[in-house]
Structures are given as C-alpha cells and as structure tokens.
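Residues in the sequence shown are numbered consecutively from 479, following my numbering.
Where is the CB? At the ideal position from N, CA and C, for every residue including glycine.
Note sheet for the following structure.
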Amino acid sequence: MNYIDHHAHMVSRTTDDYEKMALSGCVAVTEPAFWAGWDRSSADGFDDYFRQLTVAEPQRAAAYRMQHYSWLAMNPKEADNRELSKEVLKRIPKFIGCPTVLGIGEIGLNRITRNEVDTFREQVEMAIQYKQLILIHTPHLEDKKKGTRICIEVLRQYPELKPENVLIDHAEEHTLEMILEHGYWAGLTLYPMTKLSAVRAVDIVEVFGPGRICVAGACDWGPSDSLAVPRFIMEMKRRHHAEELIQRVVFDNPVQFLGQSANFKVAPRAREVSPAMA
Ligand SMILES: [Zn+2]
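And the structure:
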C-alpha cells in the first residue's frame with residue numbers, strides 16, 4: 479500500500495532505511511529540521527544542515543524513487559538560545575525558495591521556556607510572511623498538554639493564519655481533541671519503545687475517526703523505526719479496517735495537508751469509478 483511519511487529525519491538514517499521504506503510502499507517523506515542530538519556551535523552549522531536537507535537528501539531519496547521534502551526551522555530544543563536562534567532565523571529565507579521546501583518546522587516547545595515561546599512566535603510570523611505551511615513539535619515531556627495548549631494560544635493570536643495550514647505533531651489521546659477542535663491537522667508519531675505505539679494510534683483513529691489525522695514514523699538518531707507507518711497499516715489490517723480507510727489516513731490525508739504547498743508534487747489518488755457510475 480502506498481503511503482507518505484510526513485515526519486522522518488532521514489539525515490540520521492542509512493540508505494538501507496530509504497530502501498526498506500521504498501520497498502514497503504513509501505512514495506514520499508517530509509523531513510523537519512530538528513535537534514541533531516547535540517548542540518551546534520554556530521549558525522554556520524545550520525546553514526550546512528539546511529543544505530543537507532534541501533540538496534543532499536532529495537538526491538539520496540531519488541535513488542530509491544522516493545520524493546523527499548523538507549521543513550526549515552530553529553528546533554525547539556536549541557530555540558532556548560535566543561542569540562543563536564536570531565542568527566539561524568536570518569539564514570532561513572534564502573532556503574525557502576528551494577523547490578522541495580514545504581514550510582517552517584518543526585517549531586514549538588521543548589521545556590516550555592519564555593525563550594522557546596519567543597523563538598516559536600518569530601517563526602510563526604516568518605511562516606505567515608513567506609506563506610509557508612507550519613509543522614509543530616509538542617513536548618514529549620510530562621507537560622505535553624500544557625505545551626500543546628500554549629502553542630495553540632500563540633497560533634490563535636494570528637488571525638491571518640489559516641488553521642488548515644498547520645499540523646501539530648506528536649499528538650496523543652489527551653491533546654488530540656484541542657488540536658482538532660481548533661481546525662489544525664494532528665500528527666501521530668509512532669515509536670517502538672517510548673511514546674505513542676502503532677496500537678494506540680489505531681485506537682485513536684477508531685475513537686476520533688480519520689479526519690485531519692496523519693501518521694508518521696518520526697525516525698531519527700534515537701530509538702525509532704523507519705517502518706513505523708507500515709506497522710500502523712498492519713495493525714489496521716489486523717483489526718479488519720477497510721483498505722479505503724487505511725489509505726485515507728496514510729496517503730490521502732498527507733496529500734491533502736502537504737498539497738497546500740505548491741512544491742508538493744504527489745498527485746492525489748485517482749478515485750476508482752464503479753462500473754455503474756462510469
Ligand atoms: Zn522530529
């Protein structure tokens with residue numbers, strides 16, 4: 479089954495992961511800018527990272543006939559460093575014109591400090607100014623609900639920002655309702671050991687329905703699984719959910735959200751016309 483993984487940190491994966499994902503039906507990945515597992519010492523390090531995201535990774539993906547897109551940002555963890563953040567933000571606009579860039583992300587909160595909120599706000603304003611989609615990281619720590627609420631409060635201070643242009647990621651059972659009720663997209667990111675599992679994600683789709691929900695592996699340099707979305711598909715099939723419903727979550731939904739950027743080139747699935755309607 480074809481699927482799109484809207485959150486995968488491919489810079490930290492080998493080409494074996496690209497191959498496995500392509501073999502399992504992945505047609506496109508989108509890669510948000512994030513923390514490298516260690517703090518970078520200067521804005522120049524981010525320049526190189528943004529070149530890696532916009533030039534090197536699309537080439538690696540193309541070798542497996544997968545499309546690769548990216549999001550640019552100062553990540554929430556390093557966003558606490560205001561001085562560095564200001565320098566990094568100055569360097570983002572020149573990459574926004576790259577043909578595979580979809581928006582600003584992942585921005586948001588980590589420890590929910592005042593500095594993080596200030597950097598988050600500046601990046602929301604940048605997305606509005608350059609008409610970019612937004613991908614938001616919510617904290618994995620015990621304060622996920624508070625972090626999600628604060629992100630939404632900031633977003634709602636910008637009436638010109640359309641909620642459907644924003645995906646709030648790392649959603650869980652206790653944050654999904656507030657994300658969806660304000661009109662945003664919700665991302666379920668799946669992890670093998672910690673955080674959200676494929677089983678819980680299927681439970682969530684069963685409770686909330688498939689509307690405005692996307693599923694991703696969020697694979698990175700830590701314990702994570704590049705095949706998390708196929709595992710979600712497998713769990714959906716194990717519970718006898720219709721193929722149509724599964725395709726909606728893993729393909730149609732991301733195409734609808736990401737397709738709001740003119741740079742995203744995956745075509746919507748051709749609707750099958752039944753003989754009676756033909
Ligand atoms: Zn991430």
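Counting along the chain, D596 sits inside the alpha helix (DSSP H) bounded by residues R592 to Q607.
For the set Y662, I614, I570 and A540, the Cα lying nearest the Cα of N588 is the one of I614. DSSP, read as helix, strand or coil, puts C504 in strand. Cβ neighbours of Y662 within its own chain (closer than 6 Å, five residues either side excluded): P641, V644 and I646. Sequence-distant Cβ neighbours of Q530 in its own chain, meaning closer than 8 Å and more than five residues away, are V489. Of the residues H718, R716, G695 and S739, the one whose Cα lies closest to the Cα of Y481 is G695.
Around the beta carbon of L654, 16 or more other beta carbons sit within 10 angstroms, so the residue counts as buried. The beta-carbon separation of V579 and T532, rounded to 6 Å, stays under the 8 Å limit for a contact.
Excluding five sequence positions before and after L562, the CB atoms of its chain that fall closer than 7 Å to its own CB belong to A521 and E556, given in chain order. E584: member of the beta strand (DSSP E) spanning V579 to G586, first to last residue. With a cut-off of 7 Å, the C-beta of F524 is classified as distant from ligand 1, since no heavy atom of the ligand falls inside that distance.
A664 has its CB no nearer than 7 Å to any heavy atom of ligand 1. Following the DSSP letters along the chain, one finds S548 inside the beta strand (DSSP E) bounded by residues Q545 to L550. The C-alpha of K564 lies about 14 Å from the C-alpha of R518. Taking a contact as a CB-CB distance under 8 Å, the pair G575 and P554 does not count as one, their CB atoms being some 25 Å apart. A heavy atom of ligand 1 is found nearer than 7 Å to the CB of P510.
Excluding its 5 nearest sequence neighbours in each direction, R726 has C-beta neighbours in its own chain below 8 Å: P688, listed in chain order.
Contact between the region 624 to 634 and the region 663 to 683 is absent, with fewer than three C-beta pairs closer than 8 Å. Annotation for R538: M488, T493, Y496 and H546 place their beta carbon closer than 8 Å to its own, counting only its chain and skipping 5 residues before and after. Residue range K622 to L633 is occupied by the alpha helix (DSSP H) that includes C629, with no beta strand (DSSP E) assigned at that position. Excluding its 5 nearest sequence neighbours in each direction, I590 has C-beta neighbours in its own chain below 7 Å: P617, D621, K624, G625 and I628, listed in chain order.
Straight-line measurement puts the Cα of V507 at about 13 Å from the Cα of C692. Straight-line measurement puts the Cα of D558 at about 16 Å from the Cα of V602. When rounded, the separation of the alpha-carbon atoms in A540 and S502 is 16 Å.
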